[in-house]
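Heads up, the sequence shown is in UniProt numbering, so the first residue is 1 and it goes up one at a time.
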Amino acid sequence: MTVVPDWVKNLSPSEPRGSDILQKERSSSSISVDKLSELVHTKEVLARQERLLSILQADPAFDKTETHSLGRVERIKRALAKGKRLHQLRQQHQWSEIDYQYASKLIGEPTPYGLHSTMFLITLRNQTTEEQKKLFLEPAERYEYIGCYAQTELGHGSNVRGLETTATWDPSDKTFIIHSPALTASKWWIGSLGKASNHAVVMAQLIIEGKNYGPHPFVVQIRDLKTHQPLENVHVGDIGPKFGYNTMDNGFLLFNHLKIPHINMLARFSEVDPETSKFVRKASPALVYGTMTWVRSNIVSDAGNALAQGVTIATRYCAVRRQFQDKDASPTSVETPVLDYAMVQARLLPLLAACYALNFTGKSMKELYEFGQSGASATALADLHATSCGLKSLSTSIAAEGLEMCRKTCGGHGYSSYSGIGSFYGDYLPNITWEGDNYMLTQQVARYLLKSARSVIAGKAPRNDTTDILETYLKRRNTGCAFDILDNDADIVKAFAWRAAAMTFDALKQRDTHKRTWNSLLIDFWRLSTAHSQYMIVKSFHDGVNSPELQKQFNDGVSVEVLKKLFRLHALTTRREGGIRVLCVWRSHN
């Protein structure tokens, strides 16, 4: 390490100092910061974070001083140590599951145990019988079993039905034979698999007497519990360095006719009768919507939080950084703060508004999830699933593109790892493709919207927000509709609804009347899904800033009015960009 001479240590930044500038900027605002924090996070979460941070910051295991200078092998080792220490602290302080999840986020990087505490345990809790809970879930919760969720393969990701790994039922000894018939059947990209896991929930095609019953989950032991060496007929390892997320041991996994007991097929929703060898479905496939919606609602909330981190760094930097004098000011004036340049504000302030838009949308998604868990109908669950697909796609794209914009607004310094944006951006990028590739997911949204439009035309539509806006458009499209988007916030929401509905019926016409192929409409479907998801975000933002709870929380009109300005900024910025796309679509069709 380079020795810093004393004369360099004695140097200070030129005046005014950054800390003084930030203090001045903050003091000029009349917004209630504490109440705004409570609105975004809630008092409970803020108290939890403060309590957990005091523990984590005092523990040397979580020191970040050398993080950016370490190679991947050393980072993996340290991440394993952090994950182990986190589990020890959980036991020592008797943290709840929520405490543990928050602490995992607060350490600032994923650990190789991350998929064990999320997807592996969640799958075991949601898809096991009582007998299986004792066999698999209980030792997993004690961390005797460390697991991962092995679905994605080298040859197939989003197309789950195309998975090649097989689980063939053998009635002679009542076992399943797990096998990788081709190299493309390699489980690939699986987090917590490369080094940490000794078990995996493996998604494999269930084969009974030559008939394929589709992909189902199986618990498979992959490493010895004492030596941690791969079991016979199991080939497992780490896939190597990645663009980011390099503290996670993403791995590969192959099987050579590995036999597992009958009990290892997760059987809450379906099973193979060991006596008759018949496939038995216990519950509707619609029940899986709940878990997917829960995951995607968290992704939407996390998108807002991730973008907020980048916006915070970039805004503070641009407030402190000064470049050039104002060309219309006195020659003796000081250099202008970068944040005062209109071009910088035009890039950063819409991103600030998007943070709040995604925050309110994440809350709405969780409310929808709770509604789905309370016994919603199959049609309501389908609407919920489509909404979650579209919002996952759009929100993560907004966050990823926004983080890159934040990096660029920091100029050359934004390229440094020490800016706090670059490595964080790299770690965030997998959100674009996991839990469904963002472009692929838009097809599911479009398929649902076309189906809903057909039901509206036939007069057999279920009651939900989607069919409501489609019916409104259908009744009034011949007379048209005018919206005062400059002076009426409610009209802004209606305008987004009208646009989404109009694009839905246009896509339906192209598909059903003009008989265009599905593939030829994929770009239109992406635009349609984006428009519908933009409507959902704008509606959630509007409902949030106008809710009685928010009005009651702030006893000043200033904070509420600022939030409403952020709503208008987000909506009108989105509308401006979307309007250009709509005009292009209209011209191409005419």
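For glycine and all other residues, C-beta sits at the position ideal for the given N, C-alpha and C.
Report, in whole angstroms, the separation of the C-beta atoms of residue i and residue j, which I expect to be a contact under 8 Å.
i, j, result
"M405", "R347", "6 Å"
"S388", "N438", "Incorrect: roughly 13 Å between the Cβ atoms, too far for contact."
"A571", "V545", "Not quite, the Cβ-Cβ distance comes to about 11 Å (not below 8 Å), so this is no contact."
"I469", "A497", "4 Å"
"A182", "E164", "6 Å"
"L56", "I107", "6 Å"
"S180", "F255", "5 Å"
"L115", "G191", "4 Å"
"residue 600", "S455", "An answer regarding residue 600 cannot be provided, because it is not within the stretch 1 to 590 covered by the chain."
Classify residue i as buried or exposed, calling it buried when 16 or more other Cβ atoms lie within 10 Å of its own Cβ.
i, result
"S12", "exposed"
"V236", "buried"
"W518", "exposed"
"D326", "exposed"
"I557", "Sequence check: residue 557 is Gly here, not Ile. It counts as exposed."
"I523", "exposed"
"G362", "buried"
"S104", "buried"
"L486", "exposed"
"T530", "buried"
"S416", "exposed"
"T315", "buried"
"N590", "For N590, the predicted structure reports a pLDDT of 36, less than 50, and the residue's modelled location is therefore unreliable. A value from the coordinates is still provided. Answer is exposed; the Cβ neighbour count stays below 16."
"F136", "buried"
"F418", "It is worth fixing the name first, because residue 418 is Tyr in this sequence and not Phe. Exposed: under 16 other Cβ atoms inside 10 Å."
"W7", "exposed"
"K460", "exposed"
"E335", "exposed"
"F324", "exposed"
"P350", "buried"
I need the DSSP call for residue i, collapsed to helix, strand or coil.
i, result
"N212", "strand"
"R223", "strand"
"S297", "helix"
"Y149", "strand"
"D63", "coil"
"V236", "strand"
"T573", "helix"
"L348", "helix"
"W7", "helix"
"I313", "helix"
"D340", "helix"
"M365", "helix"
"L358", "helix"
"R322", "strand"
"H228", "coil"
"H199", "strand"
Mind checking which residues open and close the alpha helix (DSSP H) that includes residue i?
i, result
"E471", "D465 to R476"
"F496", "D489 to L508"
"H542", "L522 to V545"
"E25", "G18 to S27"
"residue 610", "Since the displayed the chain opens at 1 and closes at 590, residue 610 lies outside it and no answer follows."
"T442", "N438 to I457"
"D34", "V33 to H41"
"K552", "P548 to Q553"
State the start and end residues of the unbroken beta strand (DSSP E) segment that holds residue i.
i, result
"F424", "Looking at the DSSP string, F424 is not in any beta strand (DSSP E); the run it does join, the alpha helix (DSSP H), is G422 to Y428."
"R161", "Run containing R161: none; DSSP gives neither H nor E here."
"G251", "G251 to F255"
"I260", "L258 to P261"
"T175", "T175 to H179"
"residue 600", "What is shown of the chain runs 1 to 590, which leaves residue 600 out entirely."
"I190", "K187 to I190"
Scan the stretch 55-142 and note each continuous alpha helix (DSSP H) run of 4 residues or more that stays entirely inside, going in chain order.
72-93, 97-106, 121-127 and 138-141
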